[in-house]
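Here's the structure we're looking at; comments come further down.
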Amino acid sequence: MIQLRKDTDLAFFLLRHFLKQPKGFQTSAKSLSESLNLPYPTVSKILKVLNKNSVLESVQGSKGGYGLGAVYEEFSVGQLIEMIEGPIALTACTSSTEQNCVSQAFCGVHPHMELMNRVIRDALMALPLSYLVNKPQRYPKKQEVTAFWKQYFDEGNRV
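Using my numbering, read the sequence shown as starting at 6 and increasing by one per residue.
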């Protein structure tokens, strides 16, 4: 099962909360954790990561807090995942941080895993954060999905 960590899931939840607020909305980590009934240490940690990566901005002082960063719209769902979890990788050998796999020399699966990893990563990188507040209109039809992947591979997206 491909599964995001709980703190990544919570990052999506918190960011969606910010995206649904009026422009200029700011709140403290403490106030946010209390209003959403979430553990303060986890909320604080996630907000700091999002602030460090400019998805959120922080303002110091009594009227300060966290709010959406000026460039939050430039980020994708994939980038948010990588901010919290690190590189998107289906297996250790497809991670950019994993250089040596003892089985890589004779593994017949590695090239295929690289391709699957790239396809999934590219799809997540193409999905804008605004997706979190927009309800999907419909699921794509099988023919549309097939056409998308055919074009993807025809454009040279291969291992």
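Cβ atoms here follow ideal geometry from the backbone N, Cα and C, with glycine treated the same way.
>> I'd like to confirm the pairing. Which residues does DSSP put opposite S81 in its beta bridges?
In response: On the sequence shown, position 76 is the one that residue 81 refers to. P133.
>> Taking 9 Å as the threshold (C-beta atoms), are S63 and L52 in contact?
In response: To locate residue 52, count along the sequence shown from 1; it is residue 47. To locate residue 63, count along the sequence shown from 1; it is residue 58. Between L52 and S63, the gap from beta carbon to beta carbon is short of 9 Å.
>> Quick check on A98: buried or exposed, where buried means 16 or more other Cβ atoms within 10 Å of its Cβ?
In response: Reading the sequence shown from its first residue, position 93 is the one you call residue 98. Note that residue 98 corresponds to Cys in the displayed sequence, not to Ala. C98 comes out buried.
> Does the Cβ-Cβ distance between F80 and L134 come in under 9 Å?
Replying inline: The residue you call residue 80 lines up with position 75 of the sequence shown. The residue you call residue 134 lines up with position 129 of the sequence shown. Yes, Cβ-Cβ distance for F80 and L134 is below 9 Å.
> In three-state DSSP terms, what is L55?
Replying inline: Locating residue 55 in the sequence shown gives position 50, counting from the first residue. Three-state result, L55: helix.
>> Relative to the C-alpha of D14, which candidate in F158, P44, I89, K25 has its C-alpha closest?
In response: On the sequence shown, position 9 is the one that residue 14 refers to. Among F158, P44, I89, K25, the Cα nearest to that of D14 is on I89.
>> Give me the residue from P44, L73, L137 with the minimum Cα distance to N58.
In response: Here residue 58 corresponds to residue number 53 of the sequence shown, with the count starting at 1. Cα-wise, what sits closest to N58 is L73.
> So is I86 buried or exposed if we call it buried at 16+ other beta carbons inside 10 Å?
Replying inline: Position 81 of the sequence shown, counted from the start, is the residue given in the question as residue 86. Buried, since its Cβ has 16 or more Cβ neighbours within 10 Å.
> Buried or exposed: where does A16 fall if 16 or more other Cβ atoms within 10 Å of its Cβ makes it buried?
Replying inline: Position 11 of the sequence shown holds residue 16. By the neighbour-count rule (16 or more Cβ atoms within 10 Å), A16 is buried.
> According to DSSP, is V64 helix, strand or coil?
Replying inline: Translated into positions along the sequence shown, residue 64 becomes position 59. In this structure, V64 counts as strand in the three-state DSSP scheme.
> Leaving out five residues before and five after K155 in sequence, what residues of the same chain have Cβ atoms less than 7 Å from its Cβ?
Replying inline: The count along the sequence shown starts at 1 and reaches residue 155 at position 150. Answer for K155: no residue qualifies.
> By Cβ distance below 8 Å, which residues in the same chain neighbour V48 in space, the five residues on each side in sequence not counted?
Replying inline: Position 43 of the sequence shown, counted from the start, is the residue given in the question as residue 48. Excluding sequence neighbours, V48 sits near L15, L19, A34, L37, S38, L41.
> Excluding the five sequence neighbours on either side, which residues of its own chain have a C-beta within less than 7 Å of the C-beta of R126, listed in chain order?
Replying inline: What you label residue 126 is simply residue 121 of the sequence shown in a count that begins at 1. So the qualifying residues of the chain are G83, I93.
>> Does the CB of E62 have a neighbour CB from chain C at under 9 Å?
In response: Among the protein chains of the structure shown there is no chain C, as only one such chain exists.
>> Which of the three DSSP states is assigned to K28 in this structure?
In response: As a working mapping, residue 28 is identified with position 23 in the sequence shown. K28: coil per DSSP, three-state reduction.
> Hey, how far is the Cα of L55 from the Cα of F23?
Replying inline: Position 50 of the sequence shown, counting from 1, holds the residue named residue 55. Position 18 of the sequence shown, counting from 1, holds the residue named residue 23. Whole-angstrom Cα-Cα distance: 12 Å.
> Any heavy atom of the ligand GDP closer than 8 Å to the CB of V76?
Replying inline: The ligand content of the structure shown is nil, which means the ligand GDP is not present either.
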